[in-house]
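**Student:**
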Amino acid sequence: MVAPKTYRILALSGGGVRGLVTAVWLNRLEQKLGAPIGQFFDLIAGTSAGSLTACALASGMRTEAIISLYRDRSQDIFRSHLPDCGVGGCGFLARDLMRLAMMQKDWNRC
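Position 90, counted from 1, in the sequence shown is what the working numbering calls 265; the numbers after and before it change by one each time, with no gaps.
Listed below in structure tokens is the structure:
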């Protein structure tokens, strides 16, 4: 009998600016492992702010850059009274995460 293939999955919760807590925790884990945390998982997924962090990790972004984005842009992104735009104001962070991911992308590995 062949053993079933196993997958390593990282699921990240949302919670607005509390995504910073997740990013800091992942940074500490990344430091202990000595390599980008995304390397250790086959699938990275998240909800709300967790999905932004998941996208950044999956693209190879280091946790230090994610922490900086949360710290620098959290007041713009996670306002107490957001307009009813359907995305909760996360477009700013998503745009910045994607811009950084594209700058850090190693196109020779594609």
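Idealized CB from N, CA, C, for every residue including glycine. All of these numbers come straight from a predicted model, not from anything done at the bench.
(1) Name the DSSP beta bridge partners of I184, please?
(2) Give the DSSP-derived three-state secondary structure of S234 in the structure shown.
(3) Just to confirm, is the Cβ distance from A210 to A186 under 8 Å?
(4) Output the boundary residues of the alpha helix (DSSP H) element that contains A198.
(5) Can you tell me the Cα-Cα spacing of N202 and D251, whole angstroms?
(6) In angstroms with no decimal places, state the Cα-to-Cα distance between W200 and L218.
**Tutor:** The short version:
(1) Taking the sequence shown and counting its residues from 1, one reaches residue 184 at position 9. L218.
(2) By one-based count along the sequence shown, residue 234 stands at place 59. Coil, per DSSP.
(3) To locate residue 210, count along the sequence shown from 1; it is residue 35. To locate residue 186, count along the sequence shown from 1; it is residue 11. No, the Cβ-Cβ distance between A210 and A186 is not below 8 Å.
(4) Start at 1 with the first residue of the sequence shown, and residue 198 comes out as number 23. Note, A198: alpha helix (DSSP H), G194 to L208.
(5) As a first step, residue 202 is located in the sequence shown; it is residue number 27 there, counting from the start. As a first step, residue 251 is located in the sequence shown; it is residue number 76 there, counting from the start. Roughly 23 Å separates the two Cα atoms.
(6) In the sequence shown, residue 200 corresponds to position 25, counting from 1. In the sequence shown, residue 218 corresponds to position 43, counting from 1. Their backbone Cα atoms lie some 18 Å apart in a straight line.
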